[in-house]
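Engineer: Chains as they are written, first to last, in full-length UniProt numbering: chain E, 1 to 167; chain Y, 1 to 293. Attaching a single structure in structure tokens format; questions to follow.
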């Protein structure tokens, strides 16, 4: 992974120790704000509850994090890339659609097709958009994330993938 | 139309800068079906860049040998052989031959395939059988032969399958390949489940347009240059980036990944709009079933 992300600035929103470690190991500088070449959004797992026990507030919180914030953040990131006249890479990370509750099922499905759409809308801005929907949290997640935001994945955009068998 | 100059096109590192160290497959042997040319050769070279010994299997021994010579130039041991992947006995014999020459096969790249534009009503039984069975039966037979040997040795392994970007949409003008390539992707998930207890990982790359000398789609008078602008990414794929991703799924870097189908197509399969040019049935396309063949 050495050198995959040399000279790149990455902003990670949300928490994934494996992704943080891999992106740093690949040579990117982690930044909290300002200009960046890479934006990774990690949504934490939501509670597992039967749909009829989910309050609307819980439902909305899941969709806010799992979908709305991702779209708005991606839009802002892409705006900034265009303003600088440079490409970039967006990566969404979260749980698979059927892994948790109906809130996550809705968010993950929406996110998947959003990924495919943004990947094409922003393709000629040199901005790639991909998603990893998985239950995995270990090294492979970190390595795959670092790969997807690197130039080695220059021909991968609008792709949604998992890691483990039941992802 | 050329890609407008104000568009930004993401490009990969050059062939000489693979994403993994030169010894990541050291001591391992990969068998690549259809490895003598095109995408299979790209896979084989990618494994070789990681230090794997390479068994190159092809229908034509000449072509396998030509590819093997290019792979050997990267500094690894190679063995070329001829095999029809539709025949189980031939597959078993080829594995025997490869293992005798290079040692146990611990990695497998299923690439063997055939493809050509043709209207569905013009696909003969022979043509249907050739395209579907090389991909479907061939991938099954080679993968199962590989798995039996790995399980017998008590060792895991990794398999990668060359599938295609059109597997979830259909591909008008290419019915045989549309069926065949999707079968490869769906069997990937099930083979991965069947062999997970044995430590054998199985993944696929759903590849877009990676022109090469042997591709039907590369044989145009004007070459592939005019085609760059039809892909959302602003270019056709560089064949080594396909090889790298294929090999990468077999590295310990992606050691927990199995049962996945990764689309690598520069957004080609996702091009859509509500209003599109008039639909022309494949049979009425002036330039053939694929629109320009």
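From the three backbone atoms N, C-alpha and C, an ideal C-beta is built for every residue, glycine too. Just so you know, these numbers come straight off a predicted model, no measurement behind them.
#1: Assign residue 276 of chain Y to buried or exposed, taking buried as 16 or more other Cβ atoms, counted over all protein chains shown, within 10 Å of its Cβ.
#2: How would you write the range of the beta strand (DSSP E) that residue 128 of chain E sits in, first residue to last?
#3: Say whether chain Y places a C-beta atom closer than 7 Å to the C-beta of residue 157 of chain E.
#4: Which value, in whole angstroms, describes the spacing of the CA atoms of residue 264 of chain Y and residue 162 of chain Y?
#5: Scan the region 21 to 52 of chain E for residues whose Cβ lies nearer than 7 Å to a Cβ of chain Y and list them as they occur along the chain.
#6: Under a Cβ-count criterion, where at least 16 other Cβ atoms within 10 Å of its own Cβ denotes burial, should residue 14 of chain Y be classed as buried or exposed?
#7: Would residue 162 of chain E and residue 133 of chain E be called neighbours here (beta carbons separated by less than 7 Å)?
#8: In chain order, which alpha helix (DSSP H) runs of at least 4 residues are fully inside the region 20 to 107 of chain Y?
#9: Is it right to say residue 141 of chain Y is buried, meaning 16 or more other beta carbons lie within 10 angstroms of its own, or is it exposed?
#10: Do residue 41 of chain E and residue 73 of chain E have their C-beta atoms closer together than 7 Å?
#11: Just to confirm the assignment: which complete alpha helix (DSSP H) runs, minimum length 4, are found wholly within the region 171 to 244 of chain Y?
#12: If we ignore side chains and look at the alpha-carbon of each, how far apart do residue 113 of chain Y and residue 180 of chain Y end up?
#13: Would you kindly report the start and end of the unbroken alpha helix (DSSP H) that includes residue 109 of chain E?
#14: Please go through the same chain and pick out, in chain order, the residues whose beta-carbon is closer than 8 Å to the beta-carbon of residue 262 of chain Y, but skip the five residues on each side of it.
#15: Does the separation of the CB atoms of residue 66 of chain E and residue 94 of chain E fall below 7 Å?
#16: Using the Cβ count rule (16 or more neighbours within 10 Å means buried), how would you classify residue 148 of chain Y?
#17: How would you label residue 176 of chain Y, buried or exposed, when you count the other beta carbons within 10 angstroms and need 16 or more for buried?
#18: Restricting to runs no shorter than 3 residues, where is the beta strand (DSSP E) found entirely within the region 21 to 79 of chain E?
#19: Does the region 33 to 45 of chain Y come into contact with the region 229 to 237 of chain Y, if we say contact requires no fewer than three beta-carbon pairs (one atom in each stretch) closer than 8 Å?
#20: Please list, in chain order, all residues of the same chain as residue 229 of chain Y whose beta carbon is under 7 Å from its beta carbon, the five residues on each side excluded.
#21: By how many angstroms is the C-alpha of residue 84 of chain Y removed from the C-alpha of residue 128 of chain Y?
#22: For chain E, check one thing: does any of its Cβ atoms lie closer than 7 Å to the Cβ of residue 257 of chain Y?
#23: Check whether chain E comes within 7 Å of residue 266 of chain Y, counting only Cβ atoms and requiring the distance to be less than that.
#24: Note down, in chain order, each residue of its chain lying with its Cβ closer than 6 Å to the Cβ of residue 173 of chain Y, except the 5 sequence neighbours on either side.
#25: List the residues of chain Y whose Cβ lies closer than 7 Å to the Cβ of residue 140 of chain E, in chain order.
#26: Cβ-heavy atom distance between residue 94 of chain Y and the ligand PLP below 6 Å?
#27: Would residue 76 of chain E count as contacting chain Y if we go by Cβ distances under 7 Å?
#28: Is residue 4 of chain E near residue 131 of chain E, with beta carbons less than 7 Å apart?
#29: Are residue 177 of chain E and residue 62 of chain E close, meaning C-beta to C-beta below 7 Å?
#30: Considering just the uninterrupted stretch of the beta strand (DSSP E) at residue 150 of chain E, what are its terminal residues?
#31: Measure the Cβ-Cβ separation of residue 18 of chain Y and residue 53 of chain Y and say whether it is below 7 Å.
#32: I'd like the span of the alpha helix (DSSP H) that includes residue 150 of chain Y, first residue to last.
#33: On the three-state DSSP scale, how would you describe residue 254 of chain Y?
#34: Considering Cα atoms alone, identify which of E:105, E:128, E:106, E:124 is closest to residue 115 of chain E.
#35: Note down, in chain order, all residues in the region 120 to 136 of chain E with a beta-carbon under 7 Å from any beta-carbon belonging to chain Y.
#36: Below 7 Å on C-beta distance, what does residue 116 of chain E contact in chain Y?
Structural biologist: Taking the coordinates as given:
#1: Per the 10 Å Cβ criterion, exposed.
#2: 127 to 133
#3: yes
#4: Taking the straight line from one Cα to the other gives about 11 Å.
#5: Here the close residues number zero.
#6: exposed
#7: The answer is yes: Cβ separation under 7 Å.
#8: 38 to 49, 61 to 72, 88 to 102
#9: buried
#10: yes
#11: The region 171 to 244 of chain Y contains these whole alpha helix (DSSP H) runs: 175 to 195.
#12: 9 Å
#13: 102 to 121
#14: 203, 204, 205, 206, 245, 249
#15: yes
#16: exposed
#17: buried
#18: DSSP runs (the beta strand (DSSP E)) wholly in the region 21 to 79 of chain E: 38 to 42.
#19: The region 33 to 45 of chain Y makes no contact with the region 229 to 237 of chain Y: fewer than 3 CB pairs, one atom from each, lie closer than 8 Å.
#20: Only 1, 2, 3 meet the Cβ criterion.
#21: 16 Å
#22: Yes, contact with chain E.
#23: yes
#24: 117, 282, 289, 290
#25: 254, 255, 256, 257
#26: The ligand PLP is not among the ligands present in this structure, which contains no ligands whatsoever.
#27: Residue contact check for residue 76 of chain E against chain Y: no CB pair falls below 7 Å.
#28: No, Cβ-Cβ distance for residue 4 of chain E and residue 131 of chain E is not below 7 Å.
#29: Past the edges of chain E, shown from 1 to 167, lies residue 177 of chain E, and the structure says nothing about it.
#30: From DSSP, residue 150 of chain E is part of no beta strand (DSSP E); its letter is neither H nor E.
#31: no
#32: 138 to 153
#33: Judged by DSSP in its simplified three-state form, residue 254 of chain Y adopts helix.
#34: E:128
#35: 120, 123, 124, 125, 126, 128, 136
#36: 270
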